[in-house]
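Just below is one structure, and these are the notes that go with it.
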Amino acid sequence: MKGKVVSALVLSSALAGCSAAKDTSAPSTEILCAAEALKASRGASSAAAQDLLLNKATIFEQKLPASQHDSAHRAAEALADRRGTTPLVEPAACDALLSPADRQRLRDEQS
């Protein structure tokens, strides 16, 4: 009986660890939004529109901790390169990430 209790506790602990472990294989919304902006910048109709979209991508990348900025940019570039016609993330999810200050910064850069 004691062996079964110990086995149950070990199994329970292992399962709890598995469910508590964060799935790091899926890119964050910030990276997906940066990739969308990078992809859009490549098809921009003007240099000004391209710059605006590149700045938007940078804003999304900078929402992550500073230690992740370089890897976030590389991941966003790779996702933008591989993205087909299906969006990686809903535009509303990206809009929700932008603070009022971010929106103002983008408006200021447009004018």
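Quick note, the sequence shown lines up with residues 1 to 111 if you use the UniProt record's numbering. Using N, Cα and C, we set each Cβ at its ideal position, and we do this for glycine too.
(request) Leaving aside the five residues before and after A35 along the sequence, list all residues of the same chain whose C-beta is less than 6 Å from its C-beta, in chain order. (result) A76, L79, A80, L88
(request) Measure from the alpha carbon of R105 to the alpha carbon of each residue in R83, E90, S71, T58, then state which is nearest. (result) T58
(message) Going by DSSP in three states, K63 sits in which element: helix, strand or coil?
(response) coil
(request) Provide the residue span of the alpha helix (DSSP H) that contains E109, from first to last. (result) 100-110
(message) Taking the alpha-carbon of G84 as reference, which of P65, C94, E30, K39 has the nearest alpha-carbon?
(response) K39
(request) Following the continuous alpha helix (DSSP H) through R83, name the residue where it begins and the one where it ends. (result) From DSSP, R83 is part of no alpha helix (DSSP H); its letter is neither H nor E.
(request) Please state if the CB of E30 and the CB of K63 are separated by a distance shorter than 9 Å. (result) Contact flag set, yes.
(request) Work out the CA separation of H73 and D108 for me, nearest whole Å. (result) D108 and H73 have their C-alpha atoms roughly 23 Å apart.
(message) Judging by CA-CA distance, which residue of Q110, R103, A92 is the nearest neighbour of C33?
(response) A92
(request) Apply the 10 Å Cβ neighbour rule to A37 and answer buried if 16 or more other Cβ atoms are within range, or exposed otherwise. (result) By the C-beta density criterion, A37 is buried, having at least 16 other C-beta atoms within 10 angstroms.
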